[in-house]
C-alpha cells in the first residue's frame, strides 16, 4: 500500500518566522511600541507554530528544516521570556550587553545555517543571509548602545521577514499550480522543484 505524501511544512514555518520578524522590526525601526501584538505573535506564530513545523520536518527526515524551524521557534519563545519575565517579577532584566551576547550567539548559529543554504535555492539564501546580518546588527547595537544601528537593523529585519514571506508564498503558489509562478532561484544543477523550501 502506497503511503500518502506528507504536506510541505516549509511555508508554514517560514510564514511564522517572516510575519513575526516583520512585526518586531517595525518596532525596532521606530514605527510602533513593543505591545501585546508582538509578544503574542512571538509566542504563537513565531514560537509554537515554527516548532510544530520543525517537528513536521523531522517526520519528513529533513535535518536542516528541523534544526532551523525548531531553533528559531525556541528563539522567539525565549525572546518573549527575556522581555516579559522581568515585568512579571520572575527574573531580573538582562543588561543590553548581555542581550547583545545572546543575539550574537544566534548570529553565529545563523551563519552556519546560511552556509547550509549555499546548495539550496537563492530565496532561502537571501532569508538566512539577511538574518545573519540582522543578528550582527542587533548584537553590535545592543553591545554598544548605538541606537542608530538598532534603528537601521529594524529596516534590515523588515526586509528579512519579507523575504521569508515571499519564499513561503512562492512555495505554496508554485505547488498549487504545478509550475514556477513565483521564482525562487533554483540551483542550476537541480531541476526545479516545488516542494523543497528547506531540503
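Numbering (my numbering), first residue to last: 24 to 222.
Note that the Cβ used here is the ideal one computed from N, Cα and C, for glycine as well.
Here the structure is a predicted model, which is why all the values come from computation and not from measurement.
Nearest-angstrom Cα separation, counted from residue j out to residue i
| i | j | result |
| --- | --- | --- |
| residue 62 | residue 198 | 32 Å |
| residue 161 | residue 84 | 33 Å |
| residue 73 | residue 181 | 18 Å |
| residue 123 | residue 101 | 14 Å |
| residue 107 | residue 65 | 11 Å |
| residue 56 | residue 50 | 6 Å |
| residue 88 | residue 33 | 7 Å |
| residue 174 | residue 36 | 26 Å |
| residue 222 | residue 43 | Unreliable placement is indicated for residue 222, whose pLDDT of 32 sits below 50; the coordinate value is still reported in the next sentence. If I take the Cα positions, the gap works out to 23 Å. |
| residue 193 | residue 208 | 11 Å |
| residue 145 | residue 86 | 19 Å |
| residue 165 | residue 118 | 9 Å |
| residue 170 | residue 114 | 25 Å |
| residue 31 | residue 202 | 16 Å |
| residue 205 | residue 195 | 10 Å |
| residue 211 | residue 143 | 10 Å |
| residue 134 | residue 110 | 32 Å |
| residue 168 | residue 179 | 18 Å |
| residue 126 | residue 156 | 11 Å |
| residue 141 | residue 172 | 28 Å |
| residue 188 | residue 92 | 14 Å |
| residue 163 | residue 116 | 19 Å |
| residue 147 | residue 75 | 20 Å |
| residue 200 | residue 149 | 24 Å |
9 Å Cβ cutoff met for residue i and residue j
| i | j | result |
| --- | --- | --- |
| residue 137 | residue 151 | yes |
| residue 41 | residue 186 | yes |
| residue 70 | residue 90 | no |
| residue 68 | residue 39 | yes |
| residue 29 | residue 79 | yes |
| residue 52 | residue 177 | yes |
Buried versus exposed call for residue i [16 or more other C-beta atoms within 10 Å across all chains shown]
| i | result |
| --- | --- |
| residue 159 | buried |
| residue 26 | exposed |
| residue 112 | exposed |
| residue 153 | buried |
| residue 190 | buried |
| residue 214 | A caution first: residue 214 carries a pLDDT of 45, below 50, which makes its placement in the model too unreliable to give a value. |
CB contact check: residue i to chain D, cutoff 9 Å
| i | result |
| --- | --- |
| residue 60 | As a matter of chain content, chain D is missing from the structure shown, which is built from one protein chain. |
Nearest-angstrom beta carbon gap, residue j and residue i [assumed within contact, 8 Å]
| i | j | result |
| --- | --- | --- |
| residue 98 | residue 129 | 6 Å |
| residue 45 | residue 184 | 4 Å |
| residue 54 | residue 94 | Between residue 94 and residue 54 the Cβ distance is about 28 Å, and since that is not below 8 Å, they are no contact. |
Any non-hydrogen atom of the ligand FMN closer than 8 Å to residue i Cβ
| i | result |
| --- | --- |
| residue 122 | In the structure shown, the ligand FMN is absent, as is every other ligand, since no ligand is present at all. |
Point to revise | Runs of beta strand (DSSP E) wholly within the stretch 56-119 (minimum 3 residues, chain order) | key: None, since the stretch 56-119 contains no complete beta strand (DSSP E) of that length.
Point to revise | Ranges of the alpha helix (DSSP H) found wholly within the stretch 134-216, counting only runs of at least 4 | key: 145-167 and 170-200
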